[in-house]
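> My structure is below; once you've seen it, I'll send some questions.
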Amino acid sequence: MPLSDKDSAISTDAFFASLTRIRNVILPASVRSWLNTSRGLLTGFILVHLGFLIFGALLSLRGEAFSDTFIYRDWAAAGFNDANLTGGPSPWVYPILALIPMAIAGLAGPGPFFFLWVLMTTLLNGWGLAKLTDRGRNQDAIPAGWWWLIFTLLMGWLGFARVDGLTAPIVLVALAYGVGRPFITSVILAAATWVKVWPAAVMLALFAVVKNRLLVALAGVATSAVVVGLAAAIGSVPKLLNFLTQQGDRGMQLEATFTTPWLWLSVLNIGDSRMYMNTDINSMQVDGPGTAVMSVLMQPLLILAALLVAGLTFWALHNGKINGGADGGVDRTELLLAGALTLTSAFVVFNKVGSPQFMVWLAPAVAVGLAHSWREWRVPAAMLIAIAVATFFIYPLFYDALSHNNPLMAGVLTIRNVLLVVLFLWSVRRLYSLGKKTPASVPALKES
């Protein structure tokens, strides 16, 4: 017999109460009190990022990079040698503004590239943490800041050696501005989208919940116009949107959620399913009966999922207004955050790529959600920590074993993918419940 909402809430409260008791046993009251200060959070930020900076410096001194930064460094060293951004060491797969951080990291040559890349990520993370906590002045947001730091630490180099790690704190800042400053939020999100596509999901959620949608649209158009001007300056306008089609014919990536059945067919050696490296794009993929069809279907499936979630967000806002009067009962900030998490999780779950760094997409909405309402957001926060732990085991620790049909690591990946689906379903349910709230649930947020 399924649990009622009340029974589910009681079970959740009991679970987190147990975690709190464990924390209280491990950490003395004096330590907990210090950690919940701006000084304690700043110390945590410095320690977490200092470790990455030192490792980045050591690798750079040896003339090395790490993970995808090898490719970024090669592009920068080649001067992004094809004006159309299709040549060079490997095919260009990013929107055009991704050139900027790569060019900055390459200013001093290939030697210090990786260290400068980690330094940029550190500075952006600091900006995000400062905005999230109002530079440490918002006491209620400090636990959310600690959650962000813990998640960053668990994700490891996936957040410090990929473009995704640069865009995550930018989206965090945008969500912290939220519906109260829709123009600024839209400009930041539009700029981030021209670095890596996924912030478009958050932009869609913003458009769905704000009062002045024209302002959001104008901000996005104005930012994009600047980007087009930049592209014109370097002669790349004809190839400006190539990143949308560059990987359209790729197969089902090993880690993708929908690849899980073929993952196990490969592990069990059933139906000629196999794992193989797509050397053209440096991606491990799975091939087997039906994978070609599924690969073709994934793109429209992702678009359909995004449209349905956007529609659900519009409905939640409209229905909330009906239930609560003119604007009563509608917490637009909560609706933005719920919509952002649902859309980004849809972008992950229904994506045929499924790279491990995609997990960082989910963190900004959860971090700002925790600052907004810790109780409401503690469940996805716990799930995302579990997802981060599983992802760390998948990459970089045991990726080689996974790619050689290790059943234990296939089990870890399966658990991770199931958690992603559960997170998506939780987010959908959250959106639906916000649309069904009664008038006195929460006061509406007035936009400036």
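The opening residue of the sequence shown carries number 4 in the working numbering; numbering runs sequentially from there.
Note that the Cβ used here is the ideal one computed from N, Cα and C, for glycine as well.
All values reported here derive from a predicted model rather than from experimental measurement.
#1: In whole angstroms, what separates the C-alpha of Lys134 from that of Pro383?
#2: Let me know the secondary structure DSSP gives Tyr97 once reduced to three states.
#3: For Trp2 and Ser269, I'd like the C-alpha separation in whole angstroms.
#4: According to DSSP, is Ser286 helix, strand or coil?
#5: With DSSP collapsed to three states, give me the class of Asn408.
#6: Can Arg335 and Val212 be called in contact, C-beta distance under 9 Å?
#7: Should Met206 go down as buried or exposed, given a rule of 16 or more other Cβ atoms within 10 Å for buried?
#8: Over the uninterrupted beta strand (DSSP E) stretch that includes Tyr279, give me the two end residues.
#9: Excluding sequence positions up to five away, which residues of its chain have a Cβ less than 7 Å from the Cβ of Leu127?
#10: In whole angstroms, what is the alpha-carbon distance linking Pro31 and Thr23?
#11: Closer than 7 Å by C-beta to Trp265: which residues in its own chain qualify, once you throw out the five before and the five after it? Chain order, please.
#12: Exposed or buried, what is Phe69 when buried is set at 16 or more other beta-carbons lying within 10 Å of its beta-carbon?
#13: To the nearest angstrom, how far is it from the Cα of Asp167 to the Cα of Leu122?
#14: Alpha carbon to alpha carbon, how far is Leu338 from Leu344? Give it in angstroms, no decimals.
#15: If you compare alpha carbons, which of Leu217, Leu428, Leu437, Lys214 is closest to Pro318?
#16: Restricting to Cα atoms, I'd like to know which of Ala259, Val296, Pro146, Gly314 is closest to Met362.
#17: In terms of DSSP beta bridges, what is Gln256 paired with?
#18: Select from Leu209, Val176, Phe163 the residue whose C-alpha is nearest the C-alpha of Pro185.
#19: Please work out which residues of its chain come closer than 6 Å, Cβ to Cβ, to Val51, disregarding the five sequence neighbours upstream and downstream, and give them in chain order.
#20: Less than 9 Å between the C-beta atoms of Gly159 and Pro399, yes or no?
#21: Between Gly232, Met105, Ile99, Ala179, which has its C-alpha nearest Ala79's C-alpha?
#22: Whose C-alpha, out of Ile145, Gly357, Arg432, is nearest the C-alpha of Thr263?
#23: Select from Leu45, Ser33, Leu100, Ala111 the residue whose C-alpha is nearest the C-alpha of Gly66.
#24: Report the three-state DSSP secondary structure of Val219 (helix, strand or coil).
#25: Mapping the DSSP letters down to three states, classify Gly521 as helix, strand or coil.
#26: Is DSSP giving Pro115 helix, strand or coil here?
#27: By Cβ distance, which residues of its chain are closer than 6 Å to Arg433, with the 5 residues on each side in sequence left out?
#28: Taking its Cβ as the centre, do 16 or more other Cβ atoms sit within 10 Å of Lys199, making it buried, or is it exposed?
#29: Along the chain, where does the alpha helix (DSSP H) containing Leu69 start, and where does it finish?
This is what the structure holds:
#1: Working through the sequence shown from its first residue, we reach residue 134 at position 131. Working through the sequence shown from its first residue, we reach residue 383 at position 380. Rounded to whole angstroms, Lys134 to Pro383 spans 21 Å at the Cα level.
#2: Looking up residue 97 in the sequence shown gives position 94. Reduced to three states, the DSSP call for Tyr97 is coil.
#3: Past the boundaries of the shown model lies residue 2; the chain is included only from 4 to 451, so the question cannot be answered.
#4: Within the sequence shown, the letter at position 283 stands for residue 286. Residue state, collapsed to three classes: strand.
#5: Here residue 408 refers to the residue found at position 405 when the sequence shown is read from its first residue. In the structure shown, Asn408 sits in coil (DSSP, three-state: anything other than H, G, I, E or B).
#6: The residue you call residue 335 lines up with position 332 of the sequence shown. The residue you call residue 212 lines up with position 209 of the sequence shown. For Arg335 and Val212, yes; Cβs fall inside 9 Å.
#7: Counting from one through the sequence shown, the residue named residue 206 turns up at place 203. Looking at its Cβ environment, which holds 16 or more other Cβ atoms inside 10 Å, Met206 is buried.
#8: The sequence position of residue 279 within the sequence shown is 276, counting from 1. Here the beta strand (DSSP E) through Tyr279 covers 277-281.
#9: Taking the sequence shown and counting its residues from 1, one reaches residue 127 at position 124. Only Leu169, Pro172, Ile173 meet the Cβ criterion.
#10: The sequence position of residue 31 within the sequence shown is 28, counting from 1. The sequence position of residue 23 within the sequence shown is 20, counting from 1. In a straight line, the C-alpha of Pro31 is about 12 Å away from that of Thr23.
#11: One-based indexing of the sequence shown puts residue 265 at position 262. Within the same chain, Trp265 has close Cβ partners Met255, Ser276, Val289, Gly291, Thr294.
#12: The residue labelled residue 69 in the question sits at position 66 within the sequence shown. Classification for Phe69: buried.
#13: Start at 1 with the first residue of the sequence shown, and residue 167 comes out as number 164. Start at 1 with the first residue of the sequence shown, and residue 122 comes out as number 119. Those two C-alpha atoms are separated by around 15 Å.
#14: Taking the first residue of the sequence shown as position 1, residue 344 is located at position 341. Taking the first residue of the sequence shown as position 1, residue 338 is located at position 335. Computed Cα separation, rounded: 10 Å.
#15: Taking the first residue of the sequence shown as position 1, residue 318 is located at position 315. Here residue 318 is Trp; the residue named in the question, Pro, does not match the sequence. Checking every option, the nearest Cα to that of Trp318 belongs to Leu437.
#16: Translated into positions along the sequence shown, residue 362 becomes position 359. Checked all of Ala259, Val296, Pro146, Gly314; the closest Cα to Met362 is Ala259.
#17: The sequence position of residue 256 within the sequence shown is 253, counting from 1. Its beta-bridge partners are Gln288.
#18: By 1-based counting over the sequence shown, the position of residue 185 is 182. Pro185 has its Cα closest to that of Leu209, out of Leu209, Val176, Phe163.
#19: Position 48 of the sequence shown holds residue 51. These residues qualify, in order along the chain: Leu152, Leu156.
#20: Reading the sequence shown from its first residue, position 156 is the one you call residue 159. Reading the sequence shown from its first residue, position 396 is the one you call residue 399. Yes, the pair counts as a contact, with Cβ atoms nearer than the cut-off.
#21: Translated into the one-based positions of the sequence shown, residue 79 becomes position 76. Ala79 has its Cα closest to that of Met105, out of Gly232, Met105, Ile99, Ala179.
#22: Within the sequence shown, numbered from 1, the residue matching residue 263 stands at position 260. Checking every option, the nearest Cα to that of Thr263 belongs to Gly357.
#23: As a first step, residue 66 is located in the sequence shown; it is residue number 63 there, counting from the start. Nearest of Leu45, Ser33, Leu100, Ala111 to Gly66, Cα basis: Ala111.
#24: Here residue 219 refers to the residue found at position 216 of the sequence shown. It is helical.
#25: With the chain covering only 4 through 451, there is no way to say anything about residue 521.
#26: To locate residue 115, count along the sequence shown from 1; it is residue 112. In this structure, Pro115 counts as coil in the three-state DSSP scheme.
#27: Looking up residue 433 in the sequence shown gives position 430. Only Ala341 meet the Cβ criterion.
#28: Stepping through the sequence shown from its first residue, residue 199 is reached at position 196. Buried.
#29: Here residue 69 is taken as the residue at index 66 of the sequence shown, counted from 1. For clarity, residue 69 is Phe in the given sequence; the question names Leu instead. It is not in any alpha helix (DSSP H) - Phe69 carries neither H nor E in the DSSP assignment.
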